[in-house]
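Asker: Next up is a structure, given as structure tokens.
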Amino acid sequence: MSGSVQRGRPGGEPGEPTLGLPVYGVSQRTPLAALADGLDPSGCVVVLDGERPLGVYSPRQVQRDETDPLAPETVGDLTPERPLVVEAGVPAETCLERALGDGERFVLVVDDADRLAGVVTRWQLLAARERGDADTPVVELLVDGE
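In case it helps, the numbering used here puts the sequence shown at residues 1052 to 1197.
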């Protein structure tokens, strides 16, 4: 994936959304200039090492300031984020509590091999709570949608 931008869920078809959320998988070597146009502002950019998530940003966070000669050049040059990563079987309510406690907008869901399975937002987790799906494993939200 050296320097490319892949839209969709890793392991899925390119362009396949995760719960309607545009997810863009990139490597640390991806130039920020490659992300300059075409990113859906409602989505997220997930930095991957292979299929293992390292960080998550909003499209706005990865826009390079062309007027600043010291601005980061690649995704890897950005200040490292510590994303909220949960295993697929964790209940939606537990994910929500962690997302709210950490102030995270995005929750990265990984499988047993620590590969990215998908992304849920705290709003999707709040909707699951409202529906009475608090005990539902978060991975089922990825499959079943909102």
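Glycine included, C-beta positions come from ideal geometry on N, C-alpha and C.
With the cut-off set at 8 Å, would you say Arg1142 and Ala1185 are in Cβ contact?
Answerer: Taking the sequence shown and counting its residues from 1, the one referred to as residue 1142 is at position 91. Taking the sequence shown and counting its residues from 1, the one referred to as residue 1185 is at position 134. The identity of residue 1142 in the sequence shown is Pro, whereas the question assumes Arg. Contact flag set, yes.
Asker: In terms of residues, what are the limits of the beta strand (DSSP E) holding Glu1132?
Answerer: For the purposes of this step, residue 1132 is taken as residue 81 along the sequence shown, with counting starting at 1. Segment: none, Glu1132 is in no beta strand (DSSP E) and carries neither H nor E.
Asker: Using three-state DSSP, classify Thr1187 as helix, strand or coil.
Answerer: Counting from 1 along the sequence shown, the entry for residue 1187 is found at position 136. Three-state result, Thr1187: coil.
Asker: For the alpha helix (DSSP H) containing Gly1076, name the first residue and the last one.
Answerer: In the sequence shown, residue 1076 corresponds to position 25, counting from 1. No alpha helix (DSSP H) contains Gly1076, which is instead part of the beta strand (DSSP E) from Val1074 to Val1077.
Asker: Helix, strand or coil for Gly1152 per DSSP?
Answerer: Sequence index remark: in the sequence shown, residue 1152 carries index 101 (1-based). Helix.
Asker: Taking the alpha carbon of Val1110 as the point to measure from, which residue in Thr1125, Asp1128, Asp1119 and Gly1089 has its own alpha carbon closest?
Answerer: Locating residue 1110 in the sequence shown gives position 59, where the first residue counts as 1. For clarity, residue 1110 is Pro in the given sequence; the question names Val instead. Minimum Cα distance to Pro1110 is reached at Gly1089.
Asker: With DSSP as the reference, please indicate the residues paired to Pro1142 in a beta bridge.
Answerer: Numbered from 1 along the sequence shown, position 91 holds the residue referred to as residue 1142. DSSP lists Pro1188 as partners of Pro1142.
Asker: Out of Trp1174, Pro1123 and Ala1150, point me to the one whose CA is closest to Val1137's CA.
Answerer: Residue 1137 sits at position 86 when you count from the first residue of the sequence shown. For the residues Trp1174, Pro1123 and Ala1150, the minimum Cα distance to Val1137 belongs to Ala1150.
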